[in-house]
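One structure below.
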Amino acid sequence: MNIPSDWQKRTILGVGIICVSLAAIFVRLSQREINEVTVGFSLFIAAGRLIISTLLLIPSYGDLWTIKKNHSSGVYYGLGAGICLGLHFATWISSLGFTSVAASVSLVTTNPLWVALLSWWCLGQKLTRKTIIGIAIAVLGSVLIAFAHGGNSFSSNPLLGAILALMGSWFASGYILLGTLAQQKGLTTKQYVIIAYFTGALCLLPLPPLFGTSYGGHSLNIYIYLILMAIISQIIGHTSLNWSLKYFSPTTISLLILFEPVISSLFAWWFFQEIPQFLVVIGALILLLGVTYSIKKKL
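Mapping the sequence shown onto full-length UniProt numbering, position 99 (from 1) lands on 99, and the numbers just tick up by one.
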């Protein structure tokens, strides 16, 4: 097996972060195609993204037959990661209907804090004083973001948007941790993403109709944005990050994902003139400071 060089690892990770950062832009473009953003429509976007990604991976399904029996625990971790992925998209994409791109993405990328708390709760790892201080700082930033009132039509309920984005971050943390374990237990990146994406799509499949939104009858542009999101943000972006978990720690990946709100906000400003409110900017800076401070020694 060829081992990639350091520059190849960093390049793939960097490309992954940029592609993932574009997801919020594709969601916002889709939202601008309709008169009212409902929960059902947000779930349609979340489900559509994973369903299309799963269909695009069909030519690789043969790889599942090569999973060895002693790697079965990796399959279970992959299934768990898929459930977390589906819930992550359901909550985070819904948050974009209630708050700005900057606020939503800043909150959804707080994974390192929740990874630290999960490690303390589930694995018995001690929380250091630095981690506790960092969490307190980040919570302050989150509160500022949550109560900031946006100046655009997608900031109708910033508190609800903040709660949904935070929930998305919790599920993303489970997705990252379980994805790491799945590959440590013997699954290849391709095997893992097939299992995780398929499971996530299956979990979300029935939800849009249950919330009053069908899979048909939308504008052509919406379907184009869904396909672009599936190819760029999911197949290229998420798969690059999952591949990188073999060479970088989950904490390192989570920290580098903190570039996502910066990139997404720049794209939102460029495409939609969506300028974050002053309180959102201050809150995001405080939040990122807290997250970075809490995990600085772990890198």
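Just so it is clear, CB atoms sit at the ideal spot from N, CA and C, and this is done for glycine as well. These numbers come from a predicted model, not from an experiment.
Best match in the options for proximity to residue i [C-alpha to C-alpha]
i	options	result
residue 78	27, 177, 273, 97	177
residue 164	145, 64, 288, 82	145
residue 94	44, 72, 111	44
residue 266	21, 127, 59, 246	21
residue 186	210, 74, 96, 246	74
residue 32	222, 252, 250	222
residue 367	131, 115, 158	The structure shown does not extend to residue 367, since the chain is modelled only from 1 to 299, so the question has no answer here.
residue 214	9, 38, 2	38
residue 6	188, 246, 218, 220	246
residue 76	218, 196, 160	196
residue 41	208, 293, 275, 114	208
residue 61	188, 293, 252, 128	188
residue 256	71, 220, 101, 112	112
C-beta contact flag for residue i and residue j at 8 Å
i	j	result
residue 47	residue 201	yes
residue 34	residue 271	no
residue 182	residue 99	no
residue 290	residue 138	yes
residue 55	residue 235	no
residue 199	residue 250	no
residue 321	residue 19	One cannot answer for residue 321 here, as it falls past the ends of the chain, which runs 1 to 299.
residue 166	residue 142	yes
residue 102	residue 294	no
Cβ-based burial, residue i [other Cβ within 10 Å; buried from 16]
i	result
residue 273	exposed
residue 299	Unreliable positioning characterises residue 299 in this predicted model, as indicated by a pLDDT of 49, which lies under 50. A coordinate reading is not provided.
residue 305	Since the first residue of the chain shown is 1 and the last is 299, residue 305 is not available in this structure.
residue 287	buried
residue 50	buried
residue 212	exposed
residue 254	buried
residue 136	exposed
residue 206	exposed
residue 204	buried
residue 184	exposed
residue 52	buried
residue 28	buried
residue 110	buried
residue 210	exposed
residue 304	For residue 304 there is no data in the structure shown, the boundaries of the chain being 1 and 299.
residue 133	exposed
residue 16	buried
residue 277	buried
residue 216	exposed
Residue i (DSSP reduced to helix, strand or coil)
i	result
residue 35	coil
residue 8	helix
residue 275	coil
residue 228	helix
residue 382	Since the first and last residues shown for the chain are 1 and 299, residue 382 lies out of range.
residue 374	Nothing can be reported for residue 374: it is not among the residues displayed for the chain, which extend from 1 to 299.
residue 140	helix
residue 98	coil
residue 131	helix
residue 14	helix
residue 206	coil
residue 218	coil
residue 247	coil
residue 69	helix
residue 3	coil
residue 257	coil
residue 190	helix
Residue i CB to nearest heavy atom of the ligand FAD below 7 Å
i	result
residue 260	What this structure holds is no ligand at all, so the ligand FAD is not there to describe.
Neighbour flag for residue i against chain D, beta carbons, 8 Å
i	result
residue 87	The chain inventory of the structure shown lacks chain D, comprising one protein chain alone.
Using a Cβ distance threshold of 8 Å, determine whether the region 275-291 contacts the region 217-227, with at least three qualifying pairs required. Flag = no, the region 275-291 and the region 217-227 do not touch.
With contact counted as at least three CB pairs below 8 Å, one residue from each stretch, are the region 105-113 and the region 252-264 in contact? Contact between the region 105-113 and the region 252-264 is established, with three or more Cβ pairs separated by less than 8 Å.
Check whether the region 235-249 touches the region 186-193, taking contact to mean three or more Cβ pairs, one atom from each stretch, closer than 8 Å. yes
Decide yes or no for the touch test of the region 155-174 against the region 73-88: beta carbon pairs closer than 8 Å, at least 3 of them. yes
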